[in-house]
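Taken in order, the sequence shown gives residues 2 to 115; the numbers are from my numbering. Have a look at the structure below, then the notes.
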Amino acid sequence: MAEETTQTVASENEPAITTANLKTTYANICRIAQTPNEMIMDFGMNANFFGKILDEPVNLETRIILSHDAAKRLLLHLANHIQGYEAKFGVIELEVAKRIRQPSGPPAGPSVVP
């Protein structure tokens, strides 16, 4: 997938923004700690999030450190976007067992390839 580089034009009160050095990372786990001055968030991949699949440890790859006021602004922005998503697509179920759909009808047998 080709990365696109975008740049916004700066207005009088806003700086120009470029995505030339933007890196994309997937995470399904987040560990949060804090000091009196910062929120520390470590993001990574847990290959065994839904049970033992691979013999791999949790791999934390990205650390983001925010001031508490920046973390609160992030919280408000995330809450706003999640509310919009749920209004459009339905409630996001956090309990994994409730998200698993049971197959309807008789169980499928083995596939036969002629």
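The beta-carbon is built from N, C-alpha and C at its ideal position, and this holds for glycine as well. Here the structure is a predicted model, which is why all the values come from computation and not from measurement.
When the options are compared against residue i, the one with the closest alpha-carbon
i: ILE66; options: LYS89, LEU23 and ILE41; result: ILE41
i: ARG32; options: LYS24, GLN84 and LEU61; result: LEU61
i: LEU95; options: ILE83, ILE54 and THR20; result: ILE83
i: ALA98; options: GLY52, ALA80, ASN81 and LEU77; result: GLY52
Span of the beta strand (DSSP E), counted from its first residue to its last, around residue i
i: GLU33; result: Going by the sequence as given, residue 33 is Ile instead of Glu. From DSSP, the beta strand (DSSP E) with ILE33 extends over 30-35.
i: GLU15; result: Unbroken run through GLU15: none, as it is neither H nor E.
Rounded Cβ spacing between residue i and residue j (contact assumed at less than 8 angstroms)
i: THR63; j: PHE44; result: 5 angstroms
i: VAL59; j: ILE101; result: About 22 angstroms separates the two Cβ atoms, so there is no contact after all.
i: ALA17; j: MET46; result: Wrong, their Cβ atoms sit about 33 angstroms apart, outside the cutoff.
What are the start and end residues of each continuous beta strand (DSSP E) run of 3 or more residues lying completely inside the region 49-102, in chain order? 60-68
Quick one: any contact between the region 34-50 and the region 63-81, if contact means 3 or more CB pairs under 8 angstroms? yes
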